[in-house]
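Each remark here refers to the structure printed beneath this line.
Protein chains in written order, with my numbering: chain A, 300 to 593; chain B, 3 to 286.
Following this line, the structure appears as structure tokens:
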């Protein structure tokens, strides 16, 4: 399948814990012919519900790191002086602070510093009962989560092209920083999951601005909409003023957590009306993604 | 003493713990700093008066084409591919630049100077007598860490400093928690909460920061979080019930210790446990 026929949907939120992964897993149960991707590479959770069988595991190198040959080092201190990240002190590198810029490597008069590829995590291609799944695990404290997101997304596109799957469903990370930016570039549609709390509203406004910045069409879903009806109304009028469509309002439902504890998606576990709402939301998304509406 | 509040998983209650902990301590000896610059929320609860706003930038290169010989050294040394030299053109990609300064230092023609490019702001103020600092990253700006570093420059070391961290375990979280004397990990008793708690514990082990856990919404989910804490010998410092009153006051941006003062002694006791554990770690 040519790449321009593959639609990409990213589920994002700004604020963490609003229900991105719950939605993604629910849609995984409903959608056909898709590749699933977990782009929350530093706190990935979607695999807990999708029961992946890993077919391929690859190492990810996110950049380079300096290594100092202390036999050559004369403790001249030039590296310490030029490093803007306070990451090297008398030839000893603080790898937590180091951003891998290589300034020290270039200026060392003794050529005592080498740059080495930094192993930064693993990524996986798996098969699941829901379809192919690409996921990753960023190494503890490693940099460049955005680059790892780009790697898994590329892989997902390859699989979609090869297997003729028309949809890539992305479970995004929280926030608005580099892994989110990397999750959004080139997607066709985002679904922002929010909740009717002041924090949820504040963070929704920022994530919608980010989608706007990339000129990506956004849809909104209000999770646990009944915990604060006034705030829900505020979200509705905000979205209206921005021309953003709200495609679903989900009530607070304890069964959703029960489903999770039983390692089931909300479609596979009796969750009362939540299932119907999710199904309707999915139909709306499919309609929009396939050009049913402008 | 610096106490960071982190979580792995988002939405577990970091801001709730940070804000209510700060409000339960002596205001003259406390400082609250919101390091979640991508999605700052503490100010929604504390409604601080902001006295000072400082814009924060990183230094990005500008090329003086009258001196440039297009030798390509700058592009060659840039690890982030933020500079490209194509024929007689030098392209600078500001968003990719980490501001390391290698290009300008190493340019043989001294043709590169640096200008500040704004990435966000640091706000300083106070709320209920408690000194408050946060950072707000510009929307569209990918790099949070340089702004977090600037926010943390405002730490007053003689105070009890509470740092509200972003979710996850990647660079912005590490930038926040490094240098902390203790880290409180807030989780919820679900498979997602547990999985992300394990990742956060791995991160703190690597950084060598003493840690304890607060379990929020204790009535949902299962007991696996407690079993894990026991197996790893991580103290559970506080349990917060799944309570409609808490959820409602949170949704309105009201700290629970204001809505129901019964919670204040519980947060004070959380602090006392942290202080005791920190003391024990120092003696070791």
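Cβ coordinates follow ideal geometry from the N, Cα and C atoms, glycine included.
Fully enclosed beta strand (DSSP E) runs of no fewer than 3 residues occupy 51-65 of the region 43-82 of chain B, in order along the chain.
Rounded to whole angstroms, residue 333 of chain A and residue 522 of chain A show a C-alpha spacing of 24 Å. Residue 189 of chain B does not reach chain A, its nearest Cβ partner there being about 11 Å away, counting only Cβ pairs nearer than 7 Å. Here residue 425 of chain A carries a strand assignment [DSSP, helix/strand/coil]. For residue 551 of chain A, the three-state secondary structure derived from DSSP is coil. For residue 301 of chain A, the closest C-alpha among the options A:579, A:457, A:492 and A:564 is that of A:457. Contact between the region 154-174 of chain B and the region 23-31 of chain B is established, with three or more Cβ pairs separated by less than 8 Å.
The alpha-carbon separation between residue 234 of chain B and residue 109 of chain B amounts to approximately 52 Å. Taking residue 497 of chain A as the centre and dropping the five residues before and after it, the same chain places the C-beta of 530 closer than 8 Å to its C-beta, in chain order.
Taking 8 Å as the cut-off, the Cβ atoms of residue 367 of chain A and residue 395 of chain A do not count as close. At a beta-carbon threshold of 7 Å, the residues of chain B lying near residue 317 of chain A are 13, ordered along the chain. Nearest CB-CB separation between residue 172 of chain B and chain A: below the 8 Å threshold. According to the DSSP assignment, residue 477 of chain A belongs to the alpha helix (DSSP H) that extends over 477-483.
Contact annotation: in the region 441-455 of chain A, residues whose CB is within less than 9 Å of a CB in chain B are 441, 442, 443, 444 and 445. Distance from the CA of residue 447 of chain A to the CA of residue 272 of chain B, rounded to the nearest whole angstrom, comes to 37 Å.
Closest in C-alpha terms to residue 36 of chain B, from the list B:92, B:138, B:131 and B:119, comes B:138.
What residue 176 of chain B touches in chain A, judged by beta-carbon distance under 7 Å, is 395 and 440, going in chain order. Of all residues in the region 99-129 of chain B, only 100, 101, 102, 103, 104, 107 and 108 place a beta-carbon less than 8 Å from a beta-carbon of chain A. Using a 10 angstroms sphere on the CB of residue 346 of chain A, the tally of other CB atoms reaches 16 or more, which defines it as buried.
Contact between the region 168-183 of chain B and the region 203-215 of chain B is present: 3 or more CB-CB pairs across the two stretches fall below 8 Å. Within chain B, 41 and 141 have C-beta atoms less than 7 Å from the C-beta of residue 505 of chain A, given in sequence order.
The beta-carbon separation of residue 74 of chain B and residue 198 of chain B, rounded to 44 Å, does not stay under the 8 Å limit for a contact.
Look at residue 400 of chain A here: in three-state DSSP terms it is coil, with no helix or strand label. The C-beta distance from residue 520 of chain A to residue 490 of chain A rounds to 6 Å, short enough to meet the 8 Å contact threshold.
What residue 418 of chain A touches in chain B, judged by beta-carbon distance under 8 Å, is nothing: the nearest beta carbon there is about 14 Å away. The region 72-91 of chain B makes no contact with the region 143-153 of chain B; the number of CB pairs closer than 8 Å stays below 3.
Interface flag for residue 325 of chain A against chain B is unset, since no Cβ pair is found closer than 8 Å. With the criterion set as a beta carbon lying under 9 Å from some beta carbon of chain B, the members of the region 472-486 of chain A are 472, 473, 474, 475, 476, 477, 478, 479, 480 and 481, in sequence order. For chain B, the residues of the region 358-391 of chain A that bring a beta carbon within less than 9 Å of one of its beta carbons are 362, 363, 381, 382, 383 and 384, in chain order. Looking at B:251, B:100, B:228 and B:237, the one whose alpha-carbon comes closest to that of residue 120 of chain B is B:100.
If only uninterrupted beta strand (DSSP E) runs of at least 3 residues are considered, those enclosed by the region 220-257 of chain B are 238-242. Annotation: the continuous beta strand (DSSP E) that includes residue 114 of chain B extends over 114-129. DSSP, reduced to helix, strand and coil, places residue 264 of chain B outside both helices and strands of the structure shown, so it counts as coil.
Of all C-beta pairs linking the region 436-445 of chain A to the region 413-425 of chain A, three or more are shorter than 8 Å, placing the two stretches in contact. Less than 8 Å separates the beta-carbon of residue 51 of chain B from that of residue 128 of chain B.
One Cα belongs to residue 462 of chain A, the other to residue 513 of chain A, and the distance between them is close to 28 Å.
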